[in-house]
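In this note's numbering, the protein residues as written are 53 to 428. All C-beta atoms in this analysis are idealised placements derived from N, C-alpha and C, irrespective of residue type, glycine included.
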């Protein structure tokens, strides 16, 4: 039996898990922000239709969040197994942003459960406050991954020394949250996630508004469209800001992206997302622009992640015009037999099939309104 390179299998396994995880966690983050917006509007306008729509979206978000959490755990295990040095940096040098992310996870989990189970059980203003905590917790989760990515592009706050062929990492006293690449990168991840979720919500609201002419779907359709436009434009602006900071502080990554045309493609995709969102103002075009916006938002997010990380290769951490190779940081004591990649891919396929099956049952066989009738 042959042995697959640790570096190859480590990058492949983390990459596959990350691409799936980023979609679900982006959807959860976006819905965590969008849902309280609908509830607040319903409270201000005294419109029960917005409350019902927010409750429906919460039911869907809870199911997606369960699977996103599983993939997050899987991703952490892969990092700990293949790159323990990187995990050490995350838990030591990046202690503050990682702690904020963990606090966000705890806040989001508790507040989401409380938010879902206390519909009509507490005062509306109190319930809205719980929803705001849910949104804040989801936004805080992004501190963790974005601080790690920013460090890979620009090791701000990290002191790197070498001795006897070994590489040592420590803090140089600078706050990693002040990394100039971190803020625009995190804002971009926030805004593109909300844009992605808003396009999906817009597609759902549009389809239901054509079949159900109640006030719930007619009004929520208009708000969903406004949210998608605002956050599509914000994501385009923060993407340009992120690329500018890479140009200023991570020349190796920027030149690697620019030489391959990745910068131009990323900006073109951002422009497409913005144009598609504006096209939703047309009643005739929205049938196609809403689902196209969801697809293009995800493609933009994934393409930029792939482009930036491809430009960084073969380095795990870029330092000026050089860096620390992925093979230097790989765990030398963790050898992978060939059967494990096959088993891992098979397990991932089974997990996805099971999850999609449960989503189908939850959304179409026993949706929120039908369960309410059965319970009654």
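Report task. List in chain order: all unbroken alpha helix (DSSP H) runs of 4+ residues lying wholly within the region 336-374. Result -> 338-364
One question on the structure: do residue 244 and residue 353 come within less than 8 Å of each other, judged by their Cβ atoms? yes
>> With a threshold of 8 Å on Cβ separation, who are the neighbours of residue 170 within its own chain once the five nearest residues in sequence on each side are excluded?
In response: 179, 182
Discussion item. Can you look up residue 233 in the DSSP assignment and give me helix, strand or coil?
Written reply: coil
Q.
At the level of alpha carbons, what is the spacing between residue 148 and residue 297?
A. Annotation: residue 148 to residue 297 spans about 22 Å, alpha carbon to alpha carbon.
In the DSSP assignment, what residue or residues form a beta bridge with residue 211? 222
Are the CB atoms of residue 221 and residue 140 nearer to each other than 8 Å? yes
- Express the C-alpha separation of residue 255 and residue 339 in angstroms, rounding to a whole number. Here the alpha carbons of residue 255 and residue 339 stand approximately 8 Å from one another.
Check your understanding: Can you pull the DSSP bridge partners for residue 377?
Key -> 367
Nearest to residue 411 by CA position, among 116, 74, 358, 73, is which residue?
Residue 411 has its Cα closest to that of 116, out of 116, 74, 358, 73.
- Task: Would you be able to state if there are at least three C-beta pairs under 8 Å between the region 70-88 and the region 342-362?
- Result: A contact between stretches requires three or more CB pairs, one per stretch, nearer than 8 Å, and the region 342-362 meets this requirement with the region 70-88.
Quick check: what's the CA-CA separation for residue 132 versus residue 145? 16 Å
**Asked** If you drop the 5 nearest sequence neighbours on each side, which residues of the same chain put their C-beta closer than 7 Å to that of residue 346?
**Response** If you ignore the 5 residues before and after residue 346, its C-beta comes within less than 7 Å of the C-beta of 248, 251, 252, 255, all in its own chain and listed in chain order.
Q. Just reading off the alpha helix (DSSP H) that residue 135 is part of, what are its end residues?
A. Per DSSP, residue 135 belongs to no alpha helix (DSSP H) and is neither H nor E.
Practice task
Answer yes or no: do residue 88 and residue 158 have a C-beta to C-beta separation smaller than 8 Å?
Solution key: Not a contact, by the Cβ cut-off of 8 Å.
Problem - Proximal residues to residue 66 (C-beta, below 6 Å), its chain only, five neighbours per side dropped - result: 130
Segments assigned beta strand (DSSP E), at least 3 residues, entirely inside the region 259-337: none
Kindly indicate which three-state DSSP category residue 201 falls into: helix, strand or coil? helix
Can you tell which of 208, 238, 240 has the C-alpha that lies nearest to the C-alpha of residue 230? 208
Under the three-state reduction of DSSP, which class applies to residue 117: helix, strand or coil?
helix
Exercise for review: Give me the Cα-Cα distance between residue 196 and residue 126, rounded to the nearest whole angstrom.
Suggested key: 16 Å
Subject >> Among 206, 107, 226, nearest to residue 367 - alpha-carbon criterion >> reply: 206
**Study point:** Residue environment, residue 318, which counts as buried when at least 16 other CB atoms sit within 10 Å
**Key:** With 16 or more Cβ atoms within 10 Å of its Cβ, residue 318 is classed as buried.
* Excluding the 5 residues preceding and the 5 following residue 312 in the sequence, name in chain order all residues of the same chain whose CB lies nearer than 6 Å to its CB. => Within its own chain, no residue has a Cβ closer than 6 Å to the Cβ of residue 312 once the five positions on either side in sequence are excluded.
| said: Only counting the same chain, and skipping five residues up and downstream in sequence, which positions put a Cβ closer than 8 Å to that of residue 343? | reply: The residues are 251, 255.
In whole angstroms, give me the CA-to-CA distance for residue 228 and residue 302. Using only the alpha carbons, I get a separation of about 15 Å.
Next item on the list: With distances taken Cα to Cα, identify the nearest neighbour of residue 82 among 168, 189, 211, 321.
Entry: 189
Under a three-way DSSP split, which group does residue 255 fall into?
helix
| Which value, in whole angstroms, describes the spacing of the CA atoms of residue 273 and residue 381? | 49 Å
Residue 324 versus residue 173 - alpha carbon distance:
43 Å
Requested in this report: Would you decide whether residue 374 is buried or exposed? Buried here means 16 or more other CB atoms lie within 10 Å of its CB.
Outcome: Around the Cβ of residue 374, a 10 Å sphere holds fewer than 16 other Cβ atoms; the residue is exposed.
key: Beta-carbon proximity list for residue 77, same chain, < 6 Å, skipping 5 on both sides   = 120
Tell me which residue opens and which closes the alpha helix (DSSP H) that residue 157 is part of. 147-169
- prompt: Who are the near neighbours of residue 34 in its chain, counting only those whose CB is closer than 6 Å to its CB and skipping five residues on each side?
  reply: Summary: the structure shown does not reach residue 34, with the chain confined to residues 53 through 428, and so no result is reported for it.
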